[in-house]
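A.B. asks: Under the working numbering, the first residue of the sequence shown carries the number 17, and numbering increases by one thereafter.
The C-beta atom is built at its ideal place from N, Cα and C for all residues, glycine as well.
All values derive from a computational prediction rather than experimental measurement.
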Amino acid sequence: MPPAHPFDTSYLRDSDNDDKLKEECGIFGVIGVVDASNFVALGLHALQHRGQEAGGIVSHDKVQGFQSARRFGYVRDNFTSKSVMETLPGPIAIGHVRYSTAGSKGQTAIRDVQPFFGEFAMGGAAIAHNGNITNANALRRELIERGSIFQSSSDSECIIHLMARSLQRNIPERMEDALRRVEGAFSVVAMTRTKLIGVRDPLGVRPLVLGKIGDGWALSSETCALDIIGAEFIREIEPGEMVVITEKGVDSQFPFRPQKPRFCIFEHVYFSRPDSILGGRSVYETREAIGRELAKESPVEADLVCPVPDSGTPAAIGYSLESGIPYAMGIIRNQYMGRTFIEPTEQIRNMGVRLKLNVNRALIRGKRVILVDDSVVRGTTSRKIKEMILDAGAKEVHFRIASPPTAWPCFYGVDTPQREKLLAATMSEEEMRDHLQVDSLKFISLDGLYRAVGEAKGRNPKQPQYCDACFSGEYPVVPSDQIEDGFEMKPAAE
Ligand code: SF4
């Protein structure tokens with residue numbers, strides 16, 4: 017593990033920091049440009065919100081072959097020095113940032129940091145995976161019994177071993193073979209000596225987009241990372257699509273049995289950056305629409321609408337515009353939390369959430385305040401924020417939440433606490449209001465959320481248009497490993 021930074025908030029992991037769902041990976045790849053790894057480093061930097069624990073880059077150059085660097089910590093601290101980037105030459109490179117998904121969660125070993133690399137009879141290949149394989153335990157057992165030797169505890173390594181066992185003639189075909197055995201959610205960026213490959217699972221749970229940069233191409237989890245390298249956003253990779261990109265261009269195939277897409281609806285609410293484009297619309301606009309919908313569904317008389325920064329901001333703006341109640345920055349986030357060089361005493365550590373957020377007292381005093389947040393997971397942070405607002409002299413505190421109650425864990429590449437630790441799994445909305453001791457608490461309805469993301473008729477209960485399992489408990493892919501470990505699915509009739 018990297019040395020703990022004196023003001024690193026990861027020590028809050030089991031309390032405040034754990035009070036958000038965390039996207040677990042960002043992936044990026046480039047082909048056909050000089051020093052591709054520099055572009056990948058920039059792309060990963062723009063995707064840092066999808067994973068801050070570690071990152072890695074693999075590149076290929078005709079003279080030096082495959083090269084890789086994998087490090088703990090931020091991209092800006094690891095992949096900006098000339099001495100590191102000079103070790104990653106060539107016109108093709110891929111990279112990965114991770115929080116920690118399946119594998120040694122919370123105590124990552126460097127062997128779990130992607131991209132993973134495999135040497136096959138027809139040459140080497142590196143892969144970077146975003147998502148979670150829900151039958152990884154079963155696959156791992158089978159592969160080990162048949163002689164595979166695993167290097168990591170990551171579910172993603174199964175893909176490399178399945179590729180090694182395939183009898184197909186080339187790497188893309190081996191990858192197809194391997195991914196047909198995999199259940200769950202996957203967006204993959206991979207490379208050979210001459211090809212950049214992008215794949216999305218048939219449901220398209222996790223995002224992946226294609227961009228054009230000069231004569232080259234880029235694949236990225238989100239469009240914001242295309243912007244940073246000056247690439248043009250071409251299109252999203254379709255659910256179930258595999259693109260193989262060479263100097264001749266982009267070859268597209270659909271190797272899997274087609275299924276109705278079930279993109280992660282939480283990407284719209286929280287995970288993706290607000291300046292990214294999803295489904296043809298900016299994430300910011302969608303979040304503002306969520307706030308408007310929330311104001312229509314759950315109005316309340318108040319003096320101010322304040323976001324819980326930063327993720328609640330666009331929804332708070334939407335709520336304010338719809339309700340006519342003035343928007344104000346009632347809570348200020350300290351943007352430099354991780355960069356302060358002061359030894360934290362026990363007293364400072366106990367300040368918890370106050371290290372990151374501060375109330376704008378002059379604004380709040382004597383006011384009825386609506387606080388807009390993106391989600392409530394354990395409720396620990398919401399409670400502390402409410403206390404801070406009341407301490408500052410607010411007359412009333414009303415919480416409005418831009419997602420439905422999070423009552424089920426995600427098994428598709430997002431870190432969630434166990435079900436019993438989710439506030440909404442054990443309490444009704446009124447019990448949660450009581451627990452948080454606020455004047456009112458309202459969540460957007462599932463139908464309201466669907467309307468806000470562009471489904472005018474709301475959610476189709478027979479065939480939901482998105483994955484919304486963490487709200488509905490209806491899992492589009494049966495999480496077989498988790499069921500084996502004792503997880504109980506919602507009964508069908510419930
Ligand atoms: S369970 Fe929730 S967070 Fe996970 S993929 Fe589905 S909608 Fe997204």
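Should Leu37 be counted as a contact of the ligand SF4 given a C-beta to heavy atom distance under 8 Å?
C.D. replies: Yes.
A.B. asks: Taking the alpha-carbon positions, what's the Phe202 to Ala408 distance?
C.D. replies: Computed Cα separation, rounded: 45 Å.
A.B. asks: To the nearest whole angstrom, what separates the beta carbons of Ile47 and Ile108, a pair I think is in contact under 8 Å?
C.D. replies: Right, the Cβ-Cβ distance comes to about 5 Å (below 8 Å), so this counts as a contact.
A.B. asks: Tell me whether the beta-carbon of Asp93 lies closer than 9 Å to the beta-carbon of Gly147.
C.D. replies: Contact flag unset, no.
A.B. asks: Between which two residues does the alpha helix (DSSP H) carrying Phe95 extend?
C.D. replies: Careful: Phe95 lies outside any alpha helix (DSSP H) and carries neither H nor E.
A.B. asks: With DSSP collapsed to three states, give me the class of Asp128.
C.D. replies: Here Asp128 sits in helix by DSSP.
A.B. asks: For the beta strand (DSSP E) holding Val321, just list the boundary residues, first then last.
C.D. replies: Start and end: 320-323.
A.B. asks: Since Leu373 sits in a beta bridge, which residues does DSSP pair it with?
C.D. replies: Arg349, per the DSSP bridge assignment.
A.B. asks: Start and end of the beta strand (DSSP E) containing Ser236?
C.D. replies: Here the beta strand (DSSP E) through Ser236 covers 232-236.
A.B. asks: Looking at the secondary structure, which residues open and close the alpha helix (DSSP H) in which Ser172 lies?
C.D. replies: No alpha helix (DSSP H) contains Ser172, which DSSP labels as neither H nor E.
A.B. asks: Taking the alpha-carbon of Lys264 as reference, which of Asp51, Thr210, Lys98 has the nearest alpha-carbon?
C.D. replies: Cα-wise, what sits closest to Lys264 is Thr210.
A.B. asks: Counting only the same chain and skipping the five closest in sequence on each side, list residues whose C-beta sits under 8 Å from that of Ile101.
C.D. replies: The sequence shown places Met at residue 101, not Ile. Contacts found: Asp51, Ser53, Asn54, Ala57, Phe95.
A.B. asks: How long is the line joining the alpha carbons of Arg393 and Val324, rounded to whole angstroms?
C.D. replies: For clarity, residue 393 is Val in the given sequence; the question names Arg instead. Distance between the alpha carbons of Val393 and Val324 is about 14 Å.
A.B. asks: Would Arg222 be called buried (16 or more neighbouring beta carbons within 10 Å of its own) or exposed?
C.D. replies: With 16 or more Cβ atoms within 10 Å of its Cβ, Arg222 is classed as buried.
A.B. asks: Out of Val198, Tyr335, Ser314, Cys41, which one is the CA nearest neighbour of Cys322?
C.D. replies: The candidate whose alpha carbon is nearest that of Cys322 is Tyr335.
A.B. asks: Please tell me whether, using a cut-off of 8 Å, the distance from the CB of Cys174 to the nearest non-hydrogen atom of the ligand SF4 is below it.
C.D. replies: False, no ligand heavy atom lies under 8 Å from that Cβ.
A.B. asks: Does Val203 come out as helix, strand or coil in the three-state DSSP assignment?
C.D. replies: Here the sequence assigns Ser to residue 203, which means Val is not the residue at that position. The answer is strand: DSSP assigns Ser203 an E or B state.
A.B. asks: Can you name, in chain order, every residue of its own chain whose Cβ lies under 8 Å from the Cβ of Glu490, other than the five neighbours on each side?
C.D. replies: Taken in chain order, the residues that qualify are Pro480, Asp484, Lys506.
A.B. asks: Examine the ligand SF4 and report whether any of its heavy atoms sits within less than 8 Å of the Cβ of Val430.
C.D. replies: Flag set: Cβ of Val430 near the ligand SF4.
A.B. asks: Compute the distance between the beta-carbons of Ser236 and Gly45, then report whether it is under 9 Å.
C.D. replies: Their beta carbons are under 9 Å apart, which means Ser236 touches Gly45 by this criterion.
A.B. asks: Going by C-alpha to C-alpha distance, which of His65, Gln68, Glu447 sits closest to Gly395?
C.D. replies: Minimum Cα distance to Gly395 is reached at Glu447.
A.B. asks: Any heavy atom of the ligand SF4 closer than 8 Å to the beta-carbon of Ile281?
C.D. replies: Ile281: yes, Cβ under 8 Å from the ligand SF4.
A.B. asks: Report yes if the CB atom of Thr150 is closer than 9 Å to the CB atom of Ser496, and no otherwise.
C.D. replies: In this structure, Ser496 lies closer than 9 Å to Thr150 by Cβ.
A.B. asks: Can you tell me which of the three DSSP states Cys280 falls into?
C.D. replies: It is a strand residue.
A.B. asks: Would you mind reading off the limits of the alpha helix (DSSP H) that contains Gln453?
C.D. replies: Run containing Gln453: none; DSSP gives neither H nor E here.
A.B. asks: So, is Ala318 buried or exposed, given that buried needs 16 or more other C-beta atoms within 10 angstroms?
C.D. replies: Buried is the call here.
A.B. asks: Following a CB-centred definition, is Cys426 positioned closer than 8 Å to any heavy atom of the ligand SF4?
C.D. replies: Yes, the Cβ of Cys426 comes within 8 Å of a heavy atom of the ligand SF4.
A.B. asks: So His61 is in the alpha helix (DSSP H); what residue range does that whole segment cover?
C.D. replies: 52-62 is the extent of the alpha helix (DSSP H) around His61.
A.B. asks: Could you spell out the range, first to last residue, of the alpha helix (DSSP H) harbouring Cys240?
C.D. replies: Residues 240-244.
A.B. asks: In angstroms, rounded to a whole number, what distance separates the CA positions of Lys276 and Ala137?
C.D. replies: Straight-line Cα distance between these residues: approximately 36 Å.
A.B. asks: Counting only the same chain and skipping the five closest in sequence on each side, list residues whose C-beta sits under 6 Å from that of Ala440.
C.D. replies: So the list reads Pro421, Thr422, Ala423, once near-sequence residues are dropped.
A.B. asks: Give the secondary structure of Gln479 by DSSP, where H, G and I count as helix, E and B as strand, and everything else as coil.
C.D. replies: Correct three-state label for Gln479: coil.
A.B. asks: Would you identify the three-state DSSP class for Thr262, choosing helix, strand or coil?
C.D. replies: Thr262 falls in the strand class under three-state DSSP.
A.B. asks: Check whether the Cβ of Val299 lies closer than 8 Å to any heavy atom of the ligand SF4, and answer yes or no.
C.D. replies: No.
A.B. asks: Kindly indicate which residue of Glu309, Arg381, Met345, Ser339 has the alpha-carbon position closest to the one of Asp14.
C.D. replies: The structure shown does not extend to residue 14, since the chain is modelled only from 17 through 510, so no value can be given for it.
A.B. asks: Please report the straight-line C-alpha distance between Cys174 and Lys458, rounded to a whole angstrom.
C.D. replies: Their Cα atoms are separated by approximately 42 Å.
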